[in-house]
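The next block holds one structure in the form of structure tokens; read it before the comments.
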Amino acid sequence: GAVVSQHPSWVICKSGTSVKIECRSLDFQATTMFWYRQFPKQSLMLMATSNEGSKATYEQGVEKDKFLINHASLTLSTLTVTSAHPEDSSFYICSARRTAGAMNTEAFFGQGTRLTVV
Amino acid sequence: AQSVTQLGSHVSVSEGALVLLRCNYSSSVPPYLFWYVQYPNQGLQLLLKYTTGATLVKGINGFEAEFKKSETSFHLTKPSAHMSDAAEYFCAVSPSGGYNKLIFGAGTRLAVHP
Chain G
1 GAVVSQHPSW
11 VICKSGTSVK
21 IECRSLDFQA
31 TTMFWYRQFP
41 KQSLMLMATS
51 NEGSKATYEQ
61 GVEKDKFLIN
71 HASLTLSTLT
81 VTSAHPEDSS
91 FYICSARRTA
101 GAMNTEAFFG
111 QGTRLTVV
Chain L
1001 AQSVTQLGSH
1011 VSVSEGALVL
1021 LRCNYSSSVP
1031 PYLFWYVQYP
1041 NQGLQLLLKY
1051 TTGATLVKGI
1061 NGFEAEFKKS
1071 ETSFHLTKPS
1081 AHMSDAAEYF
1091 CAVSPSGGYN
1101 KLIFGAGTRL
1111 AVHP
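The following block contains the structure:
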């Protein structure tokens, strides 16, 4: 299967700072990427969908000014958590899908990023 | 609203025993259903999926799942557990079809004992 890499795997930051998480598709072009968030012992929750070259679509209840998503190239999407607070501590996972509009194309997941805000 | 319920956050089996991980879903339209596995410090890997057609779906590593519409279930089974099967398993539904907006269950951690 295709490989999706997230960086960093874990990060600790101070409250009030911003953190950028990268999601790269290593061996395919991803026109669509998805960002999920997972709280301990809870489900993965879709935060937003991003298509290369356009603005991300955020799910209801997700603050787009706090969770900035950029998908400027076909192999890279970034999620920036701005002015992070302890309640933003979570596990963030991205997935990448090859072809825009082809809903039956499998989406491949990154290994996730553990964010801890202190 | 669509949802996924995985019964049992932890399941423990002996090596060689049957593995049964339960998943029930709610969806107002025919769903696509998925099982993913996550090993420590790794991403989610697709085990199998149901879209249309045959209701018994075979996946990788000897796993299979059966879509039962009348029971709104998609339970995951494997006849004989291996130590390497120890991982977190997630059931997911895509109520609109395809891989958009996957709704995940809370996950089941499978432990396999010698």
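Protein sequences appear in the order of chains G and L.
Residues 1 to 118 in the numbering used here are what the first sequence spells out, letter by letter.
Residues 1001 to 1114 in the numbering used here are what the second sequence spells out, letter by letter.
Backbone N, C-alpha and C define an ideal beta-carbon position, used for all residues, glycine too.
Please read all numbers here as calculations on a predicted model, not as lab measurements.
| Check | Outcome |
| --- | --- |
| Of the residues that make up the segment 6-37 of chain G, which ones have a beta carbon closer than 9 angstroms to any beta carbon in chain L? | 6, 9, 32, 34, 36 |
| Quick check: does the Cβ of residue 117 of chain G come within less than 6 angstroms of any heavy atom belonging to the ligand NAP? | The ligand NAP is not among the ligands present in this structure, which contains no ligands whatsoever. |
| Name, please, each residue of chain G whose Cβ falls closer than 8 angstroms to the Cβ of residue 1111 of chain L. | Correct list: empty, because the minimum Cβ distance to chain G is about 16 angstroms. |
| Using only alpha-carbon positions, find the residue among L/1078, L/1086, L/1104 that is nearest to residue 1017 of chain L. | L/1078 |
| Assign residue 1054 of chain L to buried or exposed, taking buried as 16 or more other Cβ atoms, counted over all protein chains shown, within 10 Å of its Cβ. | exposed |
| Please confirm if the segment 1066-1083 of chain L is in contact with the segment 7-25 of chain G, defined as three or more CB-CB distances below 8 angstroms between the two stretches. | no |
| Please specify which runs of the beta strand (DSSP E), each continuous and at least 3 residues long, are wholly inside the segment 4-59 of chain G, giving them in chain order. | 4-7, 10-13, 19-25, 32-38, 44-51 |
| Looking only at DSSP bridge pairs, what is residue 1092 of chain L linked to? | L/1034, L/1104 |
| Determine the DSSP secondary structure at residue 66 of chain G, reduced to helix, strand or coil. | coil |
| Please confirm whether residue 1062 of chain L and residue 1048 of chain L have their CB atoms less than 7 angstroms apart. | no |
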